[in-house]
Amino acid sequence: MRDAAQLVLLLVVLSDLAVLGTTRLSSCIRWVAAQGLLLGLLPLLLAPELSVHPVSLSVGTIAVKAIILPWFLGRAIREAAVRREIEPLVGFIASQLLGALAVALAFAIASRLPLPAMQQPLLVPVSLATLMAGFIVLTTRRKALMQVVGYLILENGIYLFGLTQTESVPFLIELGVLLDVFAGVFIMGIVVFHINREFDSLDSTRLTELTD
Amino acid sequence: MRLLVISALPLCVALVVLGVPAFRGRRVPVVLLAVVALAHLALVTSLWIAPESATLGGWFAVDPLGLTVLTLTSVLFLITVVYTVGYVRRERPSSGRVFAGCLMAFLTAASVVSLAHHLAMVWVGMEATTLSVAPLVFLRRDRRSLEATWKYLVISSVGIALALLGTFFLASAQVGVPGRPLVLPDLVEHARDLHPAWLRAAFLFLLVGFGTKMGLAPMHTWKPDTYGEAPSLVSGLMAGALTSCAFLGVARVTQVVMAAGLESFAQPVLIGFGLLSLAVAAVFIIGQRDVKRLLAYSSVEHMGLLVLGLGLGGVGAYGSMLHLVNNGLSKGWMFLVTGNIVLATGSSAAAGNRGLIRTLPVSAALLVLGLFAVTGSPPFGLFMSEFTILRAAINAGHPWIAAVMLLFLGVIFVGMAALVLGMALGEPEPGSVPVRESAWLVAGPVALAAVVLMLGIYIPGPLHQVLARAAAALGGTAP
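Chains as they are written, first to last, in the working numbering: chain A, 239 to 450; chain B, 63 to 541.
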C-alpha cells in the first residue's frame, strides 16, 4: 500500500506539470479530473485499515473533484466555445520550468519542516508542490477559466496537506470543506459564463473598468 | 440547543425560499426576512440574559468574543431588513429569492463563525460567508458588477485557501498535545505545549487568509470594487458584519498565540499590518471621487485600527473590541445613507451630487454626521475606541506609533471631509427637486446613529463586562 501511495503522489506531481504545459483548456480540465481521481484514491491507500471514514472521504472526493467539477467546467468551455489559452502572461515552457523549480523548492522546504513522524514522507512535499503549481496557474493565465483551474489545483494542494491530519479532523469538517470548495468553483463557473456573455471573451484581463 | 437554532434557522428558511416555486419572480419575501431577523435577534438577546453551555462536543459555544460579533451581525441584519422594505419599493432585485436566500444564508454563515469553537468549523463558516455574498454583489448583472464579483471571488478564495492551510498547520502544532483537536478551549489550555514553529506558521497563514477577508492592506484590493458595485445595503452588511466575522477569525488564532506566550512574535506583525492599512487608506482616500469607494477605504482604515489595537495589547485589546462594535454600526449607517443617495440620484459619484442637503435633507444630514462619527470625532463612539487604542500605544512605550496613527487619521479626516461636505453642501444641480424620503429608508441609519452616539457617552454595564472579558481572552485588559 505504501508503494502504491508513493506512486500516486508522484503521479500528482506529474499532473501538476502537465497542466502547466498544456494549451488546450479541455486537456487541462482532463488533467485536473485525473488529479482529483488520484487524490480520491489516497485516503484509501493511506488508511491503516478500511473503515467508513476513509471510504466515504474517498467517494466524496472522487465525486466532487474528479467527476462533477470537471464536467461542469467542461460544459462552461463548450458553451463559451473557447479552446486554447493564447498568450499566457508567462509562456508554457517557462511556466513548466517554474513548476519544476517549485517541486525542487517544495522538497527542500519539506525536508526542513519539523514534521511529526509520518507513514508517508512524500505527502508534505507533494502538497507544497501542488500548492505552488496552483499559484502559478492562477497568476499567469489570462483566461478566467484557467484561473478557476488554478484555484482548484491550489485547493488540491491544501487537501493533500490535510491528509496528514485525518485523525484529528473529523469527517463532518472534511465534508464541509469539500462542500465549500464545490460551491466556490460552481459560483466561479457561473461568473465565468457571464464574463463570456458580457465581454465575448473569457479573458480576465478585460476586466479593467474599476480603477481609482 | 439555542446555539444550533441560531445557526440553522436562517439557512432552513433560505432553502425553503430557494426551493419552493411560489417564491419565483422578482418579489422579495420581506415578511419572511423580517420574521427570521426578529427571531434571530430574540434568540441572541436571550444569550445575554441566560448563557448557554457548549454543545456538539465543544464545537459550538458562546464566549464574549463570539457573542459580540454575533450580536453585531444580528442587529445589522435586522436593520438591513427594515431598509429592504423601503428599498424594494424603489428598485426590484432581478431575483427576489436569490436576494432573500443569500441574505439568510449569510446570516447562518456569520452565526456559525461567531459560535464555532472548532477552528476548522470557523473556516467552513467563513468560506460560506464569502460564497453567500457573491450572488448579492452581482445583483445588478452588469459589466461593472461582474468585474467586481470576479475580483472578490478570486482574491477572497485564495485568501481563504491560505487560511485553511493555516488551520491545518495549527492541527500539526497540536500533534502529541493533549486535548480535542482544533477545539479552541483545549488549544488555549495547552497552548504552551503546542509546537512553536507550526504555531507561528499557522498564525501567519491565518492572519493573511482572514486578513484578506477583513481587507487589510495589501490584501485589500477587492474591497473598493466590491463595495462600490454591490447594492449599498449589501456593502453595509459586508463592511459591518462580514469583516467583523473575519476579524473574529484573526482574534481566535491570536487568543491561542497569546496563551502560548508568543506575544513578542505576534504583536509586531499585527502592528505592521495595522499601520500599513492606515497608510494605504490615507493615500487612497485623498482625491477619491466616489463615496462608496471612499467608505471602502475607510473600512480598510478601521480594519487596520482593529489589528493595531490587538497588536498593542493591554487596553488596546479592549479598544479593538469596542472599535469592532462602533465600526460595524457606523459602516451600516453610512452605507445605508449612501444607498438613499444612489436610489434618489442614481449615482454615488461626487460629481453631479451636490447640494444634497436641499434635495435629500435627512440623508444628507445623516451623511455629514456620519462623516464625523467615522473619522473618530467626539462625542461619537469611535472617538472613545480610537482614543483607547491611542492610549495603548503610549502605555506600551511606542509614542511614535501613536504619532503615526494620529497623522494618518488626520489625513483621512481631511480627505473624507472634502468629498462628503462637497456632496452635502453647495448648490444643487439645476433642475433637481427635493425627494420625499421614505421612513423605512431612514429609520435604520437614525437608529444606528443613536447607538453610535450613545456608545461615545455611555457604555452599558453588560456590554462593558463582555468587552472586558473578550479583551482578557486576547491577552489584554479593560481600561
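Note that CB positions come from ideal geometry on N, CA and C, so glycine has one too. Predicted model only: the values in this text are computed from it and were never measured.
Under three-state DSSP, which class holds HIS180/B? Note: HIS180/B maps to strand in three-state DSSP.
By the criterion of Cβ-Cβ separation under 9 Å, what are the contact partners of ASP125/B in chain A? Those do not exist, as ASP125/B stays about 20 Å from chain A at its closest Cβ, beyond 9 Å.
Look at VAL377/B and ARG254/B and say whether their C-beta atoms are less than 8 Å apart. Their beta carbons are not under 8 Å apart, which means VAL377/B does not touch ARG254/B by this criterion.
Anything in chain A within Cβ reach of GLY290/B, meaning under 8 Å, just list it in chain order. Ordered by position in chain A, the residues that pass the 8 Å Cβ test against GLY290/B are LEU448.
What number of angstroms, rounded off, separates the C-alpha of LEU469/B from the C-alpha of TYR359/B? Per the coordinates, the alpha-carbon of LEU469/B lies some 16 Å from the alpha-carbon of TYR359/B.
To the nearest angstrom, report how far apart VAL216/B and LEU193/B are at their CA atoms. When rounded, the separation of the alpha-carbon atoms in VAL216/B and LEU193/B is 11 Å.
Close Cβ partners of SER442/A (< 8 Å) along its chain, the five nearest in sequence each way excluded: Correct list, in chain order: ARG380, LYS381, ALA382, GLN385 and ILE433.
Enumerate in chain order the residues of its own chain whose CB-to-CB distance from ILE295/A is below 8 Å, with the five nearest sequence positions on each side excluded. A small correction: the amino acid at residue 295/A is Leu; Ile does not occupy that position in the sequence shown. Hits under 8 Å: PRO281, THR404, PHE409 and GLU412.
Please check if any C-beta of chain B sits within less than 8 Å of the C-beta of ASP418/A. True, the Cβ-Cβ gap to chain B drops below 8 Å.
Where does ALA263/B fall in DSSP's three states? The DSSP-derived three-state label of ALA263/B is helix.
Please list the partners that GLN542/B has in chain A, where partner means a Cβ-to-Cβ separation under 8 Å. Past the boundaries of the shown model lies residue 542/B; chain B is included only from 63 to 541, so the question cannot be answered.
Whole angstroms are fine: how far does the CA of ASP241/A sit from the CA of GLY271/B? Cα-Cα distance, rounded: 35 Å.
If you follow the alpha helix (DSSP H) that GLU436/A is in, where does it begin and where does it stop? Start and end: 409 to 437.
At a Cβ cut of 9 Å, what residues of the stretch 127 to 154 of chain B count as close to chain A, listed as they run along the chain? Of all residues in the stretch 127 to 154 of chain B, none has a C-beta nearer than 9 Å to a C-beta of chain A.
Inter-stretch contact (C-beta, 8 Å, three-pair minimum) for the stretch 151 to 166 of chain B and the stretch 184 to 202 of chain B: Flag = yes, the stretch 151 to 166 of chain B and the stretch 184 to 202 of chain B touch.
So what's ALA597/B in DSSP terms, helix, strand or just coil? In the structure as shown, chain B begins at 63 and stops at 541. Residue 597/B is therefore absent and cannot be evaluated.
Determine the burial state of ARG314/B: buried for a count of at least 16 other Cβ atoms within 10 Å of its Cβ, exposed for fewer. By the neighbour-count definition (other C-beta atoms within 10 Å, threshold 16), ARG314/B is a buried residue.
GLY414/A beta carbon near the ligand FMN (any heavy atom closer than 7 Å): Although the ligand FMN was asked about, the structure shown includes no ligands whatsoever.
Closer than 8 Å, CB to CB, is LEU263/A near chain B or not? Using a CB distance cut-off of 8 Å, LEU263/A does not count as an interface residue toward chain B.
Proximity below 8 Å, CB of VAL387/A to CB of VAL375/A: Cβ atoms of VAL387/A and VAL375/A: closer than 8 Å.
Given that a residue counts as buried once 16 or more other Cβ atoms are within 10 Å of its Cβ, and exposed if not, what is GLU597/B? Limits of chain B in this structure are 63 at one end and 541 at the other, which puts residue 597/B out of reach.
Own chain residues within Cβ distance below 8 Å of ALA101/B, not counting five before or after: Excluding positions up to five away in sequence, the list reads LEU71.
State the start and end residues of the unbroken alpha helix (DSSP H) segment that holds ALA479/B. From DSSP, the alpha helix (DSSP H) with ALA479/B extends over 461 to 486.
What residues from chain B crowd round HIS432/A, counting only those whose CB sits closer than 7 Å? Around HIS432/A, the beta-carbon contacts reaching into chain B at under 7 Å are LEU208.
For the structure I just gave you, are there three or more beta carbon pairs, one from the stretch 440 to 449 of chain B and one from the stretch 374 to 391 of chain B, closer than 8 Å? Remark: three or more beta-carbon pairs, one from each stretch, lie closer than 8 Å, so the stretch 440 to 449 of chain B and the stretch 374 to 391 of chain B are flagged as touching.
Complete runs of the beta strand (DSSP E) confined to the stretch 76 to 104 of chain B [at least 3 residues]: Runs of the beta strand (DSSP E) inside the stretch 76 to 104 of chain B: none found.
Check whether the stretch 454 to 464 of chain B touches the stretch 427 to 436 of chain B, counting contact only when three or more Cβ pairs, one atom from each stretch, lie closer than 8 Å. Counting C-beta pairs closer than 8 Å gives fewer than three between the stretch 454 to 464 of chain B and the stretch 427 to 436 of chain B, which falls short of the contact rule.
Which residues in chain B have a C-beta closer than 8 Å to the C-beta of GLN385/A? List them in chain order. Listed along chain B are VAL216, each with a C-beta nearer than 8 Å to that of GLN385/A.
When Cβ atoms are compared, which residues of the stretch 314 to 344 of chain A fall closer than 9 Å to chain B? Residues: none.
Distance cutoff 8 Å, beta carbons only. Does LEU445/A sit that close to anything in chain D? The chain inventory of the structure shown lacks chain D, comprising the protein chains A and B.
According to the Cβ coordinates, are GLY323/B and LEU268/B closer than 8 Å? Against a cut-off of 8 Å, the Cβ pair of LEU268/B and GLY323/B comes out as no contact.
Between the stretch 509 to 517 of chain B and the stretch 341 to 357 of chain B, do at least 3 Cβ pairs fall closer than 8 Å? Because the criterion of three Cβ pairs below 8 Å is not met, the stretch 509 to 517 of chain B and the stretch 341 to 357 of chain B do not touch.
For THR130/B, three-class secondary structure by DSSP: For THR130/B, the three-state secondary structure derived from DSSP is helix.
Going along chain B, which residues have a C-beta under 8 Å from GLY414/A? For GLY414/A, the neighbours in chain B by C-beta distance under 8 Å run, in chain order, ALA182, MET183 and VAL186.
Rounded C-alpha distance that separates ARG313/A from PRO440/B: Note on geometry: alpha-carbon atoms of ARG313/A and PRO440/B lie some 57 Å from one another.
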